[in-house]
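Take 1 as the starting number for the sequence shown in UniProt numbering and just add one per residue. The structure appears right after this line, and notes come after that.
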Amino acid sequence: MVDDVSSDVVPLGPLEPTDKRIVTETTEAVFEQLGESALSEIYALRDDFARFMMPYKFAIDEVMTKISILREEFSALHAENPIEHVNSRLKTTESVLEKVARKGIAPSYSAIRAAITDIAGIRVVCSFVSDVYRVFDALTAQDDVRVVAVKDYIANPKANGYKSLHAIIEIPVFLSDGPVPVTVEVQLRTVAMDFWASLEHKIYYKYDADVPAELLAGLREAADVAADLDGKMESLHREVRRA
1 MVDDVSSDVV PLGPLEPTDK RIVTETTEAV FEQLGESALS EIYALRDDFA RFMMPYKFAI
61 DEVMTKISIL REEFSALHAE NPIEHVNSRL KTTESVLEKV ARKGIAPSYS AIRAAITDIA
121 GIRVVCSFVS DVYRVFDALT AQDDVRVVAV KDYIANPKAN GYKSLHAIIE IPVFLSDGPV
181 PVTVEVQLRT VAMDFWASLE HKIYYKYDAD VPAELLAGLR EAADVAADLD GKMESLHREV
241 RRA
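Here is the structure:
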């Protein structure tokens, strides 16, 4: 559906300099594994990629507006705001095409749209674990939000200790000739979970994913400490609310 709509959208103009950097060393290594035909098809996607990405950018704006309204309502009517901070990101052209090549996704917009559900991403950081589910329920209860999938890494943490609530939602983006359903990945976590995830990301980036065993053990221990902190803070929070 987006393909039909995007063909009528006014082009955004030349890609920004960061989007022209399609081939980095990492991307090049992935592309080397492809055949000539598949590679040329992937490069052909670049020409119209800005228009393909437009609905995802608008979807981020829509969800950010919804979360902003929830924050104001919680603050004004409930005397507390469970949302500490929110940020968003739109995958770069380079990142999307690299994922297409790495996962063997057919180089077409319809295939990319179906297979890659985190092109648009939003992270919501909450004060307490209970707030994570509270905000998730408030967001997904809205009539124009459809829950596509949920992965609860809080109830079922990853082996390395990672915790977060991941939700793939779909919302309508209203373009000039009608609504377009767009998926957005929303990650909800506590401050402690976010701090741990940020540290893990930096470590994996520094060691190019080949992290020494002692650091992995340290990360796992830190995840346990963060979980313990969340538990204690949640308990204190309940005591204060009861008082």
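Beta carbons are placed, not taken as given, at the ideal position from N, Cα and C, and that holds for glycine.
Taking the Cα positions, SER164 is about 13 Å away from SER127. DSSP, reduced to helix, strand and coil, places PRO55 within a helical segment of the structure shown.
Exclusion of the five residues before and after GLN187 leaves ARG123, SER164, HIS166 as the residues of its chain whose Cβ lies within less than 6 Å of its Cβ. By the Cβ rule, the region 211-228 counts as touching the region 181-198, because three or more pairs are nearer than 8 Å.
Rounded to whole angstroms, the gap between the alpha carbons of TYR109 and ARG51 is 11 Å. Using a Cβ-Cβ distance cut-off of 8 Å, the region 75-83 and the region 91-108 are not in contact, since fewer than three pairs of beta carbons, one from each stretch, lie closer than that value.
If only complete runs of 4 or more residues are kept, the UniProt domain "RelA/SpoT" (88-211) shows the alpha helix (DSSP H) at 93-103, 109-115, 129-140, 191-206, in order along the chain. The way I'd put it, the region 166-183 does touch the region 144-152; three or more beta-carbon pairs between them come closer than 8 Å.
Counting other Cβ atoms within 10 Å of its Cβ, THR65 stays below 16 and is therefore classed as exposed. If you check the CB distance, SER88 and ILE60 come in under 8 Å. Of the other Cβ atoms in all chains shown, fewer than 16 fall within 10 Å of the Cβ of ARG241; this residue is therefore exposed.
In this chain, the alpha helix (DSSP H) harbouring ALA226 covers 213-242.
Residue environment for ILE171: buried (at least 16 other C-beta atoms within 10 angstroms of its C-beta).
GLU84 sits in a strand when the DSSP states are folded into three classes. Around the C-beta of PRO107, 16 or more other C-beta atoms lie within 10 Å, and the residue is accordingly described as buried. Per DSSP, reduced to three states, the secondary structure at ALA76 is helical. In this structure, ASN160 places its C-beta atom within 8 Å of the C-beta atom of LEU216. Excluding the 5 residues flanking it on each side, ASP118 has same chain C-beta neighbours closer than 6 Å at GLU185, in chain order. The region 204-211 makes no contact with the region 134-147, as fewer than three CB pairs between them are under 8 Å.
Excluding five sequence positions before and after VAL132, the CB atoms of its chain that fall closer than 7 Å to its own CB belong to CYS126, ILE154, LEU165, LEU188, ARG189, THR190, given in chain order. Annotation: PHE174 to ASP144 spans about 12 Å, alpha carbon to alpha carbon. Closest option to LEU97, judged by alpha-carbon separation, among GLU214, ILE116, GLY178, ARG134: ILE116. Here the alpha carbon of PRO157 sits roughly 43 Å from the alpha carbon of ASP177.
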